[in-house]
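Undergrad:
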Amino acid sequence: MDEALWALGRATGAIGLLLMTGSVVLGILTRSGRPAIGLPRFGIATLHRNVGILATTFIGIHVVSLLFDPSAQLKLVDLVVPFVGDYRPFWLGLGTVAIDLMLAVTITALLRRRIGARAFRAVHLSTYALWPIALAHGLGTGTDALTPWMIALTVVCVGAVAASLAWRLSAGFRQPHGAIAVSAPASPASASPAAFSPASVSRAPVSSASAPRIPAAPIGGPR
0 MDEALWALGR ATGAIGLLLM TGSVVLGILT RSGRPAIGLP RFGIATLHRN
50 VGILATTFIG IHVVSLLFDP SAQLKLVDLV VPFVGDYRPF WLGLGTVAID
100 LMLAVTITAL LRRRIGARAF RAVHLSTYAL WPIALAHGLG TGTDALTPWM
150 IALTVVCVGA VAASLAWRLS AGFRQPHGAI AVSAPASPAS ASPAAFSPAS
200 VSRAPVSSAS APRIPAAPIG GPR
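Residues 0 to 222 (numbering that gives the first Met the number 0) make up the sequence shown, in order.
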């Protein structure tokens, strides 16, 4: 039974890390306002939210399973107050900090309409700290942190987040997808407001010879 709880705790922790990584990447993609992976912008935002919910669910299972695992030596207070545990208190405390941050993000997301967008964004920015704290917790407390599969998982997660952050900080992050650069006019006179005003367009003469003849449609539109 103890081995099953340990395996469940480690598996859900690893899956939770993968889902948190996906949530961070999708959050940055949502912030860019670009469509991706065959989804429109609102689809990316919905996927980001659902992945975050899944991450919270798996981390919850991770915590509960280890709470009932005698080898983990967890107490209820360890889930709320960091750095007071008996087993590797520092690394375990990082996990507690990650849980507290995740709870704060989840609660503010549920209360977003009441607390306002500014407060929600301020708390939501803590996810940039939540991810590395959770990663360090897993590497510091896990007995399989140096196994090949865990090393590969860590490399994938770090690479994905690092690439996303580099793109987030790049100059082209805000540029609209598929935007076409427009050169500046040669002189201020050529860019006068009158040159682009609807009135000037309506006053422009149109030759009857050059204008195409369009038959009038019957009342009610084309049938």
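Ideal Cβ placement from N, Cα and C applies to all residues, glycine included. The structure presented is a predicted model; accordingly, all values stated were derived computationally and were not measured.
#1: Quick check on the DSSP output: the alpha helix (DSSP H) that includes residue 87 runs from which residue to which?
#2: Quick check: the Cα distance between residue 125 and residue 52, rounded to an integer number of angstroms?
#3: Going by the DSSP bridge assignment, what does residue 35 pair with across the sheet?
#4: CB residue 160 to CB residue 23, shorter than 8 angstroms?
#5: For a test of the three-state rule: what should DSSP assign to residue 144, helix, strand or coil?
#6: If we call anything under 8 angstroms between Cβ atoms a contact, is residue 132 one with residue 79?
#7: Taking DSSP as the reference, what is the three-state secondary structure of residue 46?
#8: Indicate whether the contact test is met: 3 or more Cβ pairs, each with one atom in the segment 51-70 and one in the segment 28-39, closer than 8 angstroms.
#9: Which of helix, strand or coil does DSSP assign to residue 119?
TA: Taking the coordinates as given:
#1: Your numbering for residue 87 matches position 88 in the sequence shown. First-last for residue 87: undefined, no H or E at that position.
#2: The residue labelled residue 125 in the question sits at position 126 within the sequence shown. The residue labelled residue 52 in the question sits at position 53 within the sequence shown. Approximately 16 angstroms, taken between the alpha carbons.
#3: Translated into positions along the sequence shown, residue 35 becomes position 36. BP columns for residue 35 point to 38.
#4: The residue labelled residue 160 in the question sits at position 161 within the sequence shown. The residue labelled residue 23 in the question sits at position 24 within the sequence shown. Taking 8 angstroms as the Cβ cut-off, residue 160 and residue 23 qualify as a contacting pair.
#5: By 1-based counting over the sequence shown, the position of residue 144 is 145. Three-state result, residue 144: coil.
#6: As a working note, residue 132 is residue 133 in the sequence shown. As a working note, residue 79 is residue 80 in the sequence shown. The answer is no: Cβ separation not under 8 angstroms.
#7: Position 47 of the sequence shown, counted from the start, is the residue given in the question as residue 46. The answer is helix: DSSP assigns residue 46 an H, G or I state.
#8: no
#9: Start at 1 with the first residue of the sequence shown, and residue 119 comes out as number 120. If DSSP states are grouped into helix, strand and coil, residue 119 belongs with the helices.
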